[in-house]
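**Q** In mature numbering (1 follows the signal peptide of the UniProt record, and there is no 0), the protein residues as written are -20 to -1, 1 to 668. C-beta: ideal position from N, C-alpha, C; glycine also. Take this structure, written in structure tokens, and hold onto it; I'll ask about it next.
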């Protein structure tokens, strides 16, 4: 299912920051806290403002300079900023929920409390894991060792899908992009151990490939492979061949190009000699679907050619590596440490592993996320927070409705369809209307790998069983405790989990200005995805249908060409630039979200003048609210990974790059020609 996330970083707790939360905490200790309505907070962390840098020259540095100068990235993080700080603050809350479930003397066998508690206990029992060593993987490794013919590989790949182990092509279930009433199976490229195909192909990644080769050899050695050195070289060579036929990140942004409907009987034409019947039967797809979507047809053809020319022994080494790689976090200390040494330290620059309890919380969330989420919402998400958010969203929708009719790049006929699409938006705030059922999952207190594999199988079957059934429009793609948000074009919905509705994104004690600049711009960001270069290809019902005229596309392309050029010029690391094409969709959304949120903030004032708080006007607090959200620091190694793989720009450019295109920012801070933040009016990209 295609989703446009607010930030790709938050899923692995890569970013975070202290901000308005600190102002709220300090204010709560003062007498003024008792009369919030009479004296609202600004919501701005004024203690971090660097008065030595003008807002007109570097807004990000001006607002965040003292924080940037005094904050160290935690040793167990690759970056630190608003997202990861908030997510990290949530961890003790989740730990309390999970440990309470584990300690509950009245929990019944098969209950959510038993599953949550025992899953966590199985992860925390390091002594048991040391005793087991590689034994939990023995059945799967034996199957790989027993391969006698390549004809057995399709069924093995189906088994890998059920276990959540990487293989040369990925399989998933999602809504059919051209028939929003149906679910469909989708096949796409996969199977690489490095973050992206470019890591195998570009000269400047040679040093990383050397480290990766050493890592694969070490892992195979730990797994008892007597030919680990030779097999590691074969694995790298095989993955390089797969990388050569994969599509780029930019190519994969095109939803039309990646929608290729193929009847099951025609799959063999893409890959002559490959036994699709064996795969489809083993995967459980046979009898449930008559067609599939192939995201990258040329890749499947290329994979089949690689399969044919690569010796079986090399494939066995590759499958052995992928099994050990997937299971490494759940095995004995030697595997855990080596896995971190490469994927944590060598690849992203992190020097210290997260505490085991935090990793344990993450493992439980991965398996029983909504069970934990239900308990989290009961304890930590006040009903009034959701109610206030609903008012804010209503104003944003009104701002979009008014703005559509004034767009200079959209024709009258298309504006009518845009209004129709806007009217069909679904907004989900806080938590699902119905919670996921984990009755099919069996959890044992002394079988961590088994618990992980069973949870993945349960999730696999849950997804598979969607085929042939109506679309579940109540389903969430994130848990309530996730610090992120997303837009799903196939369901035409925006989703905001409970955990993101906290400072600095949403401060219940602050004046509205900072909230419109923060969470308001986040919501505006997600809505705008429905009206950007990709949203133009999905209608209000979620079908992949281009509802723009040729002139609309031409006008929009002219604007976005300027935006690509602007962001291509940004360089967070000397010699390395932002990819304006890869990040285009998110850059459009940032610029659009701020523009719409500003209009919504003006609507919320009802014609009244905003007060000056902490020396900031309402307009200034609005823009500061946005810049606070993107306060972050990042290790250079991690930044280089994200420049290749992340469709979002680095935080400082999400702040400064967006501000330079906002007319309201110029008037709020008196930005004029000669200031470093200044762009001549003809160079500003006004989307909304």
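Tell me, to the nearest whole angstrom, how far the beta carbon of residue 104 is from that of residue 340; I am working on the premise that it is less than 8 angstroms.
**A** Locating residue 104 in the chain shown gives position 124, where the first residue counts as 1. Locating residue 340 in the chain shown gives position 360, where the first residue counts as 1. Indeed they touch by this definition, with Cβ atoms about 5 angstroms apart.
**Q** Can you look up residue 152 in the DSSP assignment and give me helix, strand or coil?
**A** The residue labelled residue 152 in the question sits at position 172 within the chain shown. Residue 152 falls in the strand class under three-state DSSP.
**Q** Hey, out of 48, 115, 129 and 163, whose CA is closest to residue 444's CA?
**A** Here residue 444 is taken as the residue at index 464 of the chain shown, counted from 1. It is 163 whose Cα lies nearest to the Cα of residue 444.
**Q** Using only alpha-carbon positions, find the residue among 360, 284 and 139 that is nearest to residue 477.
**A** One-based indexing of the chain shown puts residue 477 at position 497. It is 360 whose Cα lies nearest to the Cα of residue 477.
**Q** Looking only at its chain, what residues have a beta carbon closer than 8 angstroms to the beta carbon of residue 395, apart from the 5 residues adjacent to it on each side?
**A** For the purposes of this step, residue 395 is identified with residue 415 of the chain shown, where counting begins at 1. So the list reads 384, 385 and 387, once near-sequence residues are dropped.
**Q** Counting C-beta neighbours from all protein chains within 10 Å, is the total for residue 88 16 or more, i.e. buried, or is it exposed?
**A** For the purposes of this step, residue 88 is identified with residue 108 of the chain shown, where counting begins at 1. Exposed, because fewer than 16 other Cβ atoms sit within 10 Å of the Cβ of residue 88.
**Q** Would the beta-carbon of residue 435 fall within 8 angstroms of that of residue 347?
**A** Residue 435 sits at position 455 when you count from the first residue of the chain shown. Residue 347 sits at position 367 when you count from the first residue of the chain shown. It is a contact, given that the beta carbons lie within the stated cut-off.
**Q** Consult DSSP for residue 394 and reduce its assignment to one of helix, strand or coil.
**A** Here residue 394 is taken as the residue at index 414 of the chain shown, counted from 1. Helix, per DSSP.
**Q** Would you mind sorting residue 25 into buried or exposed? The rule is 16 or more other CB atoms within 10 Å of its CB.
**A** Mapped onto the chain shown, residue 25 falls at position 45. Flag for residue 25 reads buried.
**Q** Looking at C-alpha atoms only, which residue of 531, 321 and 615 is the closest neighbour of residue 333?
**A** Taking the chain shown and counting its residues from 1, the one referred to as residue 333 is at position 353. Ranking 531, 321 and 615 by Cα distance to residue 333 puts 321 first.
**Q** Runs of 3 residues minimum, wholly inside the stretch 427 to 504: which ones carry the beta strand (DSSP E) assignment?
**A** Entirely contained in the stretch 427 to 504, the beta strand (DSSP E) runs reaching 3 residues are, in chain order, 466 to 468 and 473 to 477.
**Q** So, with DSSP's three-state summary, where would you put residue 410?
**A** The residue labelled residue 410 in the question sits at position 430 within the chain shown. Residue 410 falls in the strand class under three-state DSSP.
**Q** For a test of the three-state rule: what should DSSP assign to residue 6, helix, strand or coil?
**A** Counting from one through the chain shown, the residue named residue 6 turns up at place 26. With a pLDDT of only 31 at residue 6, under 50, the local geometry of the prediction cannot be trusted, and no value is derived from it.
**Q** Counting along the chain, where does the alpha helix (DSSP H) carrying residue 298 start and finish?
**A** The residue you call residue 298 lines up with position 318 of the chain shown. Element bounds for residue 298: 292 to 307.
**Q** So the beta strand (DSSP E) residue 271 belongs to, where does it begin and stop?
**A** Locating residue 271 in the chain shown gives position 291, counting from the first residue. Unbroken beta strand (DSSP E) run through residue 271: 271 to 274.
**Q** Going by DSSP in three states, residue 249 sits in which element: helix, strand or coil?
**A** Here residue 249 refers to the residue found at position 269 of the chain shown. Residue 249 falls in the helix class under three-state DSSP.
**Q** Taking 8 angstroms as the threshold (C-beta atoms), are residue 467 and residue 458 in contact?
**A** Here residue 458 refers to the residue found at position 478 when the chain shown is read from its first residue. Here residue 467 refers to the residue found at position 487 when the chain shown is read from its first residue. For residue 458 and residue 467, no; Cβs fall outside 8 angstroms.
**Q** Flag this pair as yes or no: are the beta carbons of residue 484 and residue 498 separated by less than 8 angstroms?
**A** Here residue 484 refers to the residue found at position 504 of the chain shown. Here residue 498 refers to the residue found at position 518 of the chain shown. Yes, these two residues count as a Cβ contact at 8 angstroms.
**Q** In three-state DSSP terms, what is residue -16?
**A** For this step, residue -16 is matched to residue 5 along the chain shown. Note: residue -16 maps to strand in three-state DSSP.
**Q** Would residue 413 be called buried (16 or more neighbouring beta carbons within 10 Å of its own) or exposed?
**A** Here residue 413 refers to the residue found at position 433 of the chain shown. Label assigned to residue 413: exposed.
**Q** Going by CA-CA distance only, name the one from 120, 202, 123 and 225 that's closest to residue 172.
**A** Taking the first residue of the chain shown as 1, we reach residue 172 at position 192. Nearest Cα to residue 172 within the set 120, 202, 123 and 225: 225.
**Q** Measure the C-alpha to C-alpha separation of residue 575 and residue 66 and round it to an integer number of angstroms.
**A** The residue you call residue 575 lines up with position 595 of the chain shown. The residue you call residue 66 lines up with position 86 of the chain shown. Between residue 575 and residue 66, the C-alpha separation is close to 25 angstroms.
**Q** Does the distance from the CB of residue 651 to the CB of residue 36 come in under 8 angstroms?
**A** Counting from one through the chain shown, the residue named residue 651 turns up at place 671. Counting from one through the chain shown, the residue named residue 36 turns up at place 56. With respect to the 8 angstroms criterion, residue 651 and residue 36 are classified as neighbours on the basis of their beta carbons.
**Q** Taking all protein chains shown into account, decide if residue 577 is buried (16 or more other Cβ within 10 angstroms of its Cβ) or exposed.
**A** Sequence index remark: in the chain shown, residue 577 carries index 597 (1-based). Buried: at least 16 other Cβ atoms inside 10 Å.
**Q** Entirely within the stretch 10 to 86 and at least 3 residues each: give me those beta strand (DSSP E) ranges in chain order.
**A** Annotation: the stretch 10 to 86 contains the following complete segments of the beta strand (DSSP E) (minimum length 3 residues), in chain order: 59 to 61.
**Q** Going straight from the alpha carbon of residue 595 to that of residue 612, what length do you get?
**A** What you label residue 595 is simply residue 615 of the chain shown in a count that begins at 1. What you label residue 612 is simply residue 632 of the chain shown in a count that begins at 1. Cα to Cα, the separation comes out at about 24 angstroms.
**Q** Who are the near neighbours of residue 254 in its chain, counting only those whose CB is closer than 6 angstroms to its CB and skipping five residues on each side?
**A** Counting from 1 along the chain shown, the entry for residue 254 is found at position 274. So the qualifying residues of the chain are 284.
**Q** In the DSSP assignment, what are the bridge partners of residue 243?
**A** One-based indexing of the chain shown puts residue 243 at position 263. In the DSSP output, where bridge partners are listed per residue, residue 243 has 271.
**Q** Mind reading off the beta-carbon distance from residue 328 to residue 373? Whole number of angstroms is fine, and I expect it under 8 angstroms.
**A** By 1-based counting over the chain shown, the position of residue 328 is 348. By 1-based counting over the chain shown, the position of residue 373 is 393. Not really, about 35 angstroms apart at Cβ, beyond 8 angstroms.
**Q** Please report the straight-line C-alpha distance between residue 537 and residue 371, rounded to a whole angstrom.
**A** As a working note, residue 537 is residue 557 in the chain shown. As a working note, residue 371 is residue 391 in the chain shown. Their backbone Cα atoms lie some 34 angstroms apart in a straight line.
**Q** At what residue ranges does the stretch 82 to 142 contain a whole run of the alpha helix (DSSP H), taking only runs of 4 or more?
**A** 92 to 104, 106 to 112 and 118 to 125
**Q** Identify, in the order they occur along the chain, each residue of the same chain with its Cβ nearer than 6 angstroms to the Cβ of residue 357, setting aside the five sequence neighbours on each side.
**A** Taking the chain shown and counting its residues from 1, the one referred to as residue 357 is at position 377. Contacts found: 411, 460 and 478.
**Q** Residue 196 lies in the alpha helix (DSSP H); which residues open and close that run?
**A** Residue mapping note: residue 196 aligns to position 216 of the chain shown, counting from 1. Residue 196: member of the alpha helix (DSSP H) spanning 186 to 202, first to last residue.
**Q** Can you say whether residue 608 is buried or exposed, counting buried as having 16 or more other CB atoms within 10 angstroms of its CB?
**A** As a first step, residue 608 is located in the chain shown; it is residue number 628 there, counting from the start. It is buried - the Cβ of residue 608 has at least 16 other Cβ atoms within 10 Å.
**Q** Considering Cα atoms alone, identify which of 146, 558, 131 and 367 is closest to residue 292.
**A** Taking the chain shown and counting its residues from 1, the one referred to as residue 292 is at position 312. Out of 146, 558, 131 and 367, 131 has the C-alpha closest to the C-alpha of residue 292.
**Q** Measuring CB to CB, does residue 21 end up less than 8 angstroms from residue 491?
**A** On the chain shown, position 41 is the one that residue 21 refers to. On the chain shown, position 511 is the one that residue 491 refers to. Cβ atoms of residue 21 and residue 491: closer than 8 angstroms.
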